[in-house]
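Heads up: the sequence shown is residues 2 to 179, going by the working numbering. Accompanying notes for the structure given below.
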Amino acid sequence: MSEHPNHTGGNPIVREFSRLLRVFREATPYESFEYVVIQILTALIMVITAVATFGLVVDVWQLAVTNPLDLANISNFQEVFGNIFTVIIALEFKSSLRATFFERKEVVRGRTIMLIALLAVARKFIILDLHEVSPLELLALAASALALGGIYWLIREQDARLAIHKAQTAAQAQKPVE
2 MSEHPNHTGG
12 NPIVREFSRL
22 LRVFREATPY
32 ESFEYVVIQI
42 LTALIMVITA
52 VATFGLVVDV
62 WQLAVTNPLD
72 LANISNFQEV
82 FGNIFTVIIA
92 LEFKSSLRAT
102 FFERKEVVRG
112 RTIMLIALLA
122 VARKFIILDL
132 HEVSPLELLA
142 LAASALALGG
152 IYWLIREQDA
162 RLAIHKAQTA
172 AQAQKPVE
């Protein structure tokens, strides 16, 4: 089992509190404000995720107990998979906030925002009732998915180029001067 690098044993609440004190001692007032906001958002997202997960469990239970063989009713499955995507979106958002807090990354990463937006569009496609939506709305949703996917790809490529550049710069700094 891998441990967090700052793991020193003992009471996890005391350990977390001392880590927070260390973060606040090293942070500027604005960074401290950001961390407080991130912690509040994290707590709220945890509540939302727990409620959504509980609702998902109830939905799956009701589907299994009341209509186990009603495979013709696609709306039940759409609702369940839509709820699954809701939980996944919340977890991804929480993960992004956690990375921001623990790794001191910038508050919002563009790639994460695009991933969350893509998940939301995918969720919309899943719960969409094709009999109720116009072709123009479907086209707009498809264009949104394509645009978000393109932006996500561009951001990922830029991140990869920056990582390569950073690695090359570090390698050049390690070379002995002749």
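Just so it is clear, CB atoms sit at the ideal spot from N, CA and C, and this is done for glycine as well. Predicted model, so just to flag it, every value in this text is computed and none were measured.
* CB-CB under 7 Å to Pro13, same chain, minus the five flanking residues each way: which ones, in chain order? -> Within the sequence shown, the letter at position 12 stands for residue 13. No residues qualify anywhere along the chain.
* **Segment contact flag, the segment 94 to 101 with the segment 129 to 146, C-beta cutoff 8 Å, min 3 pairs** => no
* Asked: Taking C-beta to C-beta, are Phe126 and Ala146 nearer than 9 Å?
  -> Walking along the sequence shown from the start, residue 126 turns up at place 125. Walking along the sequence shown from the start, residue 146 turns up at place 145. Yes, the pair counts as a contact, with Cβ atoms nearer than the cut-off.
* Check whether the Cβ atoms of Arg124 and Phe94 sit closer than 9 Å, and answer yes or no. => In the sequence shown, residue 124 corresponds to position 123, counting from 1. In the sequence shown, residue 94 corresponds to position 93, counting from 1. In this structure, Phe94 does not lie closer than 9 Å to Arg124 by Cβ.
* Go ahead and label Ile41 buried or exposed: buried means 16 or more other beta carbons lie within 10 angstroms of its beta carbon, across all protein chains shown. => On the sequence shown, residue 41 is found 40 positions in, with the first residue counted as 1. Label assigned to Ile41: exposed.
* **Check whether Phe78 and Leu64 have beta carbons under 9 Å apart** => Position 77 of the sequence shown, counted from the start, is the residue given in the question as residue 78. Position 63 of the sequence shown, counted from the start, is the residue given in the question as residue 64. Yes, these two residues count as a Cβ contact at 9 Å.
* Spatial distance of Ala121 from Ile90 (CA atoms) -> The sequence position of residue 121 within the sequence shown is 120, counting from 1. The sequence position of residue 90 within the sequence shown is 89, counting from 1. Roughly 7 Å separates the two Cα atoms.
* To do: Return yes when the Cβ of Ile114 is within less than 9 Å of the Cβ of Glu80, no when it is not.
  => Mapped onto the sequence shown, residue 80 falls at position 79. Mapped onto the sequence shown, residue 114 falls at position 113. Going by C-beta atoms, Glu80 is not nearer than 9 Å to Ile114.
* Flag this pair as yes or no: are the beta carbons of Tyr36 and Phe18 separated by less than 9 Å? => Within the sequence shown, the letter at position 35 stands for residue 36. Within the sequence shown, the letter at position 17 stands for residue 18. For Tyr36 and Phe18, no; Cβs fall outside 9 Å.
* How many whole angstroms separate the CB atoms of Ile46 and Gly111, which I take to be in contact at a CB cut-off of 8 Å? -> Position 45 of the sequence shown, counted from the start, is the residue given in the question as residue 46. Position 110 of the sequence shown, counted from the start, is the residue given in the question as residue 111. 19 Å between Cβ atoms; not a contact.
* Between the Cα of Ile39 and the Cα atoms of Leu140, Leu21, Ala51 and Ala174, which residue gives the shortest distance? -> Here the question's residue 39 lines up with position 38 in the sequence shown. If we check each option's Cα against that of Ile39, Leu21 comes out closest.
* Return helix, strand or coil for Glu133, following the three-state DSSP convention. => As a first step, residue 133 must be located in the sequence shown, where it is residue number 132. Here Glu133 sits in coil by DSSP.
* Asked: Could you give the residue range of the alpha helix (DSSP H) that holds Pro13?
  -> What you label residue 13 is simply residue 12 of the sequence shown in a count that begins at 1. Pro13 -> alpha helix (DSSP H) spans Pro13 to Glu27.
* Asked: For the putative contact between Asn84 and Ala53, defined by C-beta atoms under 8 Å, what is the C-beta separation to the nearest angstrom?
  -> Stepping through the sequence shown from its first residue, residue 84 is reached at position 83. Stepping through the sequence shown from its first residue, residue 53 is reached at position 52. With a Cβ gap of about 7 Å, Asn84 and Ala53 count as contacting.
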